[in-house]
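Have a look at the structure below before the remarks.
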Amino acid sequence: MLLPILKYGAIVLKTSSSPVDVFDGELEKIAKNMIETMYVAPGIGLAAPQIGLNIRLATIDLSVGEDPSQVLVICNPEITSTEGEQKCDEGCLSIPEFSEVVARPRKMIVRALTLHGDEITINAEGILARCLSHEIDHLNGVLFIDHLSPLKRTLIRNKIKKLTKAGEW
Ligand SMILES: [Zn+2]
26 MLLPILKYGA IVLKTSSSPV DVFDGELEKI AKNMIETMYV APGIGLAAPQ IGLNIRLATI
86 DLSVGEDPSQ VLVICNPEIT STEGEQKCDE GCLSIPEFSE VVARPRKMIV RALTLHGDEI
146 TINAEGILAR CLSHEIDHLN GVLFIDHLSP LKRTLIRNKI KKLTKAGEW
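Each number in this note's numbering comes from the position in the sequence shown (counting from 1) with 25 added on.
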């Protein structure tokens, strides 16, 4: 089932999410719908707050549905270490049409739980590290524009305000 993706301005995107504590069929259903929604968007990552749920759940697939082995569903992820820095143009499904250069760790190790509550460790670098960092930010109520200079952030906010007034956001 496709879910509506909430846009910048929704309170749920600015709220820190609660850990997943029940690993049941309902959680699996939510994750399945999130993956479907992410593919159609299309995007390489989606966090539960973006579909209106403040739980620490995110889906990632750098292949956007091309390679099933790349699908990653993570619950309660925690960054245990980071290394280096990468700067790259970045966007977000909740802030469509905008992108800016954001600095992220080049490498990171993330510990998380699967949909069945099993612990996994992800050794990520490059785009995967960037994507994990971006999605984990979502679970803490942080958006990519929060990493920008106050000036750039204000410019984007003002453009979104205008779009909202015009009923185009
Ligand atoms: Zn995002």
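Where a beta carbon is used, it is the ideal one built from N, C-alpha and C, also for glycine.
Item, Value
"beta-carbon residue 31 near ligand 1 non-hydrogen atom, thresh 7 angstroms", "no"
"Limits of the alpha helix (DSSP H) - the one that residue 189 falls within", "175-190"
"Paired residues, beta bridge with residue 113 - DSSP", "127"
"Rounded C-alpha distance that separates residue 163 from residue 72", "6 angstroms"
"Rounded distance between the beta-carbons of residue 120 and residue 157, thought under 8 angstroms", "That belief does not hold up - the Cβ atoms of residue 157 and residue 120 are roughly 18 angstroms apart, past 8 angstroms."
"Residue 119 Cβ short of 7 angstroms to ligand 1 heavy atom set", "yes"
"Contact set for residue 52: own chain, Cβ-Cβ below 8 angstroms, skip 5 residues either direction", "45, 82, 100, 140"
"For residue 98, the three-state DSSP class (helix, strand or coil)", "strand"
"Distance cut-off 7 angstroms: residue 163 Cβ against heavy atoms of ligand 1", "yes"
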